[in-house]
Amino acid sequence: MAGENTRTVLVVRGGWEGHAPVAATDLFVPFLEKNGFEVRLSDSPAPYADPAYMSGVDLIVQCYTMGKIEPAELKGLRAAIEAGTGMAGWHGGIADSYRNSSDYLHLIGGQFACHPGKHPDDEDAGTERHNFVPYTVNMLPEAADHPITQGIADFDLVTEQYWVLSDAYIDVLATTTQKVRPWDPWHREVTSPAIWTRRWGNGKIFVATPGHSLDVLENDSVRTIIERGMLWASR
Numbered sequence: 001m002a003g004e005n006t007r008t009v010l011v012v013r014g015g016w017e018g019h020a021p022v023a024a025t026d027l028f029v030p031f032l033e034k035n036g037f038e039v040r041l042s043d044s045p046a047p048y049a050d051p052a053y054m055s056g057v058d059l060i061v062q063c064y065t066m067g068k069i070e071p072a073e074l075k076g077l078r079a080a081i082e083a084g085t086g087m088a089g090w091h092g093g094i095a096d097s098y099r100n101s102s103d104y105l106h107l108i109g110g111q112f113a114c115h116p117g118k119h120p121d122d123e124d125a126g127t128e129r130h131n132f133v134p135y136t137v138n139m140l141p142e143a144a145d146h147p148i149t150q151g152i153a154d155f156d157l158v159t160e161q162y163w164v165l166s167d168a169y170i171d172v173l174a175t176t177t178q179k180v181r182p183w184d185p186w187h188r189e190v191t192s193p194a195i196w197t198r199r200w201g202n203g204k205i206f207v208a209t210p211g212h213s214l215d216v217l218e219n220d221s222v223r224t225i226i227e228r229g230m231l232w233a234s235r
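See the structure below:
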């Protein structure tokens, strides 16, 4: 049983195994425990449908790419966040979850659209590495003093670069710009949110799009941002 000063975090992990949901979330469990959270692990979103349990959850960390959410689970998730439960996640585990639910996409505020890869004739064509491209995460000046991004400069990655469809209700902390290359069908650069927050009722949501693999999550800037984002989002 959680102590009087212990917060509760529900870690929901599963879906597409390409994002290593168990290993990825295991990276952050010790950090959460060190910061006073009692951790519950779930391999499905089923706990979202239990209102009595969810009322005591201070933070949800979700790493569940694609998959499906049932109506009762979504209703419970939305109700918990509106009542003050925080939600945090990275990459497809939060921004490409539950494609069957437009209401889930509305809750998160940004949705993975694609990750444009290298030249179609590149030697990595047909492999995962074809989608690993060099890009920069650009921190916004107005986010310089935000507790999630304070003191973090622009940084470079070589991994999937998420092109995100989003709305104007997210608070963007960092962006990434998809260039126009000779083989691309688009005709101007496209800037997508890379790190954002969203207020929903009494709850807070944090999303970072980097995080495809463990090496990306272990990048100093990425890991720091995610750790701070989880603490920021928590009740």
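Heads up, the sequence shown stops at 235 in full-length UniProt numbering, and the numbers go up one at a time, no gaps. We put the CB at the ideal spot given by N, CA and C, even for glycine.
Out of the options, which has the shortest C-alpha to C-alpha gap to residue i?
i	options	result
Tyr135	Asp121, Gln161, Tyr98 and Cys114	Gln161
Pro51	Arg198, Val216 and Ala83	Ala83
Lys68	Lys179, Ile60, Gly93 and Val61	Gly93
His19	Ala79, Asp215, Asp171 and Leu165	Asp215
residue 249	Phe31, Phe37 and Gly15	Lying before the first or after the last residue shown, residue 249 is absent from the chain, which here runs from 1 to 235.
Arg99	Lys179, Phe112 and His91	Phe112
Ile225	Trp196, Lys204, Pro120 and Val29	Trp196
Trp16	Asp26, Tyr169 and His91	His91
Arg181	Val133, Tyr169, Glu227 and Met66	Val133
Asp96	Leu165, Gly86 and Leu140	Leu165
Glu70	Trp200, Arg228, Ala49 and Gly89	Ala49
Val22	Thr209, Ala46 and Ser42	Ser42
residue 241	Gly14, Pro47 and Leu59	Absent from the structure is residue 241, since the part of the chain shown begins at 1 and ends at 235.
Phe206	Lys34, Val61, Val9 and Gly14	Val61
His115	Met230, Ala194 and Asn35	Ala194
Please state the DSSP three-state secondary structure of residue i.
i	result
Val207	strand
Glu70	coil
Met1	Note that Met1 scores 43 on pLDDT, short of 50, meaning its location in the model is unreliable; the coordinates nonetheless yield the value given after this. Three-state result, Met1: coil.
Asp58	coil
Trp183	coil
Leu32	helix
Thr159	strand
Arg235	coil
Ile225	helix
Gly15	strand
Ser101	coil
Tyr48	helix
Gly110	strand
Ile94	helix
Gly76	helix
Glu128	helix
Ile195	strand
Leu165	strand
Ala24	helix
Would you mind sorting residue i into buried or exposed? The rule is 16 or more other CB atoms within 10 Å of its CB.
i	result
Arg188	exposed
Trp186	exposed
Trp183	exposed
Ser192	buried
Cys63	buried
Val222	buried
Arg199	exposed
Leu217	buried
Glu142	exposed
Ser234	buried
Gly203	buried
Thr127	exposed
Tyr104	buried
Glu73	buried
Give me the Cβ distance between residue i and residue j, rounded to the nearest whole Å; I'm assuming they're in contact under 8 Å.
i	j	result
Val12	Val39	Going by Cβ atoms, the distance from Val12 to Val39 rounds to 12 Å, so no, they are not a contact pair.
Are the region 107-124 and the region 143-155 in contact at 8 Å, needing three or more beta carbon pairs?
no
Does the pairing of the region 141-148 with the region 168-177 give three or more beta-carbon distances under 8 Å?
Yes: at least three Cβ pairs fall under 8 Å.
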